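A.B. asks:
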Amino acid sequence: MNLTVPVAAEGLDARGRPFKDDAQALVINRFGGRIRLARRLRPGQQVLLVGPHARWPAVFEVVEMATPPSAEQAEYGVACLDRAEDFWGIRVWGKTETPADAKALLECQLCRTVGFVPLSLSQVEGLRGLGFVALPCERCKATTPWSYWELNVPVRTEGREDKPTVALHIDNFTPRRHRRVYVQLPLKVFSEKGGEEITRSENVSRGGLGFSSCCCYHLGEQVAVRFPYDPSHEIPGTRVRIVHGRPAEGNGNTVYGLVFEPRK
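So the sequence shown is numbered by numbering that gives the first Met the number 0: it starts at 0 and just counts up by one.
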């Protein structure tokens with residue numbers, strides 16, 4: 000799952016020097032993920048990570064370097080030596096026997112269980128219109144309302160006397176300008192060169208969206224998108240601009256971020 004999560008990291012770098020730094024998880028899964036850190040590490044090293052809502056640090060092992068050593072901030076594939084789903088707080092990972100129309104990161108509004116849940120397009124429309132969708136919850140043992148999950152990072156304020164639960168803190172966190180929801184929906188992209196591809200979104204906000212692609216786009220390039228894409232119901236394309244791109248996990252694709260262009 001291409002989900003950016005702020006974390007704090009502690010350990011020894013490749014030269015054996017201790018460090019405590021803010022970092023970012025760029026990809027998360029039930030086994031670990033990929034983190035970006037301004038430190039050099041070696042495969043096999045172990046680091047402590049703290050997530051936004053983790054009560055205790057968890058031990059992760061570096062399994063690969065995902066970027067060249069010359070990069071200013073290196074990216075590492077890491078595996079959790081405990082239970083990664085407990086660390087990330089996602090209890091349901093959305094396995095299905097048949098492909099789903101969409102998947103979204105949702106939260107049960109009764110017990111606060113978070114899951115990456117398969118959905119139909121009609122359920123996505125219900126989320127858009129009502130703000131929730133009725134789904135079965137294993138913990139509640141009932142059908143309950145589920146809404147889009149939102150990442151909230153606890154912020155330390157001056158004068159608070161609360162004792163910290165963990166030794167590490169996420170200090171340098173800047174909230175996003177627009178609320179972002181994590182939903183995978185069909186997406187059709189039309190490039191300026193006449194190329195087309197059908198892919199999926201990774202996240203959506205009022206200002207833009209992210210999508211996974213096997214094609215090469217350039218920063219600043221303008222493209223058109225149909226979103227969500229339904230071949231039985233054609234809608235006009237929306238003009239957008241590519242603003243960043245980074246390698247996706249495991250499949251050779253690139254995750255691009257784009258912003259909606261103002262209407263002329």
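Virtual Cβ for every residue (Gly too), placed ideally from N, Cα, C.
Values in this document were obtained by computation on a predicted structure and should not be read as measured data.
#1: Which value, in whole angstroms, describes the spacing of the CA atoms of V26 and V258?
#2: Within a Cβ cutoff of 7 Å, which residues of the same chain sit near G125, ignoring the five residues on either side of it in sequence?
#3: Let me make sure I understand the geometry here. Which of G194, G251 and N252 has the alpha-carbon closest to that of V224?
#4: Does the Cβ-Cβ distance between T350 and L186 come in under 8 Å?
#5: Using DSSP's beta-bridge definition, name the partner residues of M314.
#6: Buried or exposed for E137, please, with buried defined as at least 16 other CB atoms from any protein chain shown within 10 angstroms of its CB.
#7: What's the call for R159, buried or exposed, on a 16-neighbour Cβ count within 10 Å?
#8: Determine the DSSP secondary structure at R179, reduced to helix, strand or coil.
#9: In the segment 91 to 129, which residue ranges form an unbroken alpha helix (DSSP H) of at least 4 residues, counting only runs that do not cross its ends?
#10: Please classify P135 as buried or exposed, where buried requires at least 16 neighbouring CB atoms within 10 angstroms.
#11: For the candidate residues I234, K102, P5 and A65, whose alpha-carbon lies nearest to that of P42?
#12: Using the three-state DSSP reduction, which class does W145 fall into: helix, strand or coil?
#13: V58 and E9: beta carbons closer than 8 Å?
#14: Check each candidate in K192, P246 and S231 and name the one with the smallest Cα separation from C213.
#15: CA-CA distance, Q122 and G130?
#16: Does the beta-carbon distance from G256 to H243 come in below 8 Å?
#17: If you follow the beta strand (DSSP E) that A133 is part of, which residue opens it and which one closes it?
#18: Could you name the residues that DSSP lists as bridge partners for R33?
#19: Going by DSSP, which residues form a beta bridge with N252?
#20: Out of curiosity, what's the CA-to-CA distance linking R38 and E63?
#21: Excluding five sequence neighbours on each side, which residues of the same chain lie with their C-beta closer than 6 Å to the C-beta of P227?
#22: Using C-beta distances below 8 Å, list every residue in its chain close to P235, excluding the 5 sequence neighbours before and after it, in chain order.
#23: Excluding the five sequence neighbours on either side, which residues of its own chain have a C-beta within less than 6 Å of the C-beta of E196, listed in chain order?
#24: Run through the DSSP bridge pairs and tell me what A8 is partnered with.
#25: Whose C-alpha, out of G15, D12, V61 and V91, is nearest the C-alpha of G31?
#26: Per the DSSP calculation, S204 is bridged to which residue(s)?
C.D. replies: Reading from the atomic positions:
#1: Translated into the one-based positions of the sequence shown, residue 26 becomes position 27. Translated into the one-based positions of the sequence shown, residue 258 becomes position 259. Taking the straight line joining both Cα atoms gives about 21 Å.
#2: The residue given as residue 125 occupies position 126 in the sequence shown. The residues are V132.
#3: Residue mapping note: residue 224 aligns to position 225 of the sequence shown, counting from 1. When each option's Cα is compared against that of V224, the closest is G194.
#4: Nothing in the structure corresponds to residue 350, since the chain is present only between 0 and 263.
#5: With the chain covering only 0 through 263, there is no way to say anything about residue 314.
#6: Your numbering for residue 137 matches position 138 in the sequence shown. That one is exposed.
#7: One-based indexing of the sequence shown puts residue 159 at position 160. With a pLDDT of 44 at R159, under the threshold of 50, the predicted position of this residue should be treated as unreliable, and no value is reported.
#8: Translated into positions along the sequence shown, residue 179 becomes position 180. Three-state DSSP puts R179 in a strand.
#9: 120 to 129
#10: If you number the sequence shown from 1, residue 135 lands on position 136. Label assigned to P135: exposed.
#11: Residue numbering aside, residue 42 sits at position 43 when the sequence shown is read from its first letter. If we check each option's Cα against that of P42, A65 comes out closest.
#12: Residue numbering aside, residue 145 sits at position 146 when the sequence shown is read from its first letter. Reduced to three states, the DSSP call for W145 is strand.
#13: On the sequence shown, residue 58 is found 59 positions in, with the first residue counted as 1. On the sequence shown, residue 9 is found 10 positions in, with the first residue counted as 1. It is not a contact, given that the beta carbons lie outside the stated cut-off.
#14: Numbered from its first residue, the sequence shown carries residue 213 at position 214. The candidate whose alpha carbon is nearest that of C213 is P246.
#15: For the purposes of this step, residue 122 is taken as residue 123 along the sequence shown, with counting starting at 1. For the purposes of this step, residue 130 is taken as residue 131 along the sequence shown, with counting starting at 1. Q122 and G130: Cα-Cα distance of roughly 10 Å.
#16: As a position in the sequence shown, residue 256 is number 257, starting the count at 1. As a position in the sequence shown, residue 243 is number 244, starting the count at 1. Taking 8 Å as the Cβ cut-off, G256 and H243 qualify as a contacting pair.
#17: As a first step, residue 133 is located in the sequence shown; it is residue number 134 there, counting from the start. It spans V132 to C136 - the beta strand (DSSP E) in which A133 sits, taken as one unbroken run.
#18: On the sequence shown, position 34 is the one that residue 33 refers to. Answer is V26 and G76.
#19: Walking along the sequence shown from the start, residue 252 turns up at place 253. BP columns for N252 are empty, so no partner.
#20: Position 39 of the sequence shown, counted from the start, is the residue given in the question as residue 38. Position 64 of the sequence shown, counted from the start, is the residue given in the question as residue 63. Between R38 and E63, the C-alpha separation is close to 14 Å.
#21: If you number the sequence shown from 1, residue 227 lands on position 228. Cβ within range, chain order: L184 and P185.
#22: The sequence position of residue 235 within the sequence shown is 236, counting from 1. Excluding residues within five positions, the ones whose Cβ falls inside 8 Å are R225.
#23: Locating residue 196 in the sequence shown gives position 197, where the first residue counts as 1. Only V188 and C214 meet the Cβ criterion.
#24: Taking the sequence shown and counting its residues from 1, the one referred to as residue 8 is at position 9. Looking at the DSSP assignment, A8 forms a beta bridge with D20 and L48.
#25: Stepping through the sequence shown from its first residue, residue 31 is reached at position 32. Checking every option, the nearest Cα to that of G31 belongs to V61.
#26: Walking along the sequence shown from the start, residue 204 turns up at place 205. Answer is R179.
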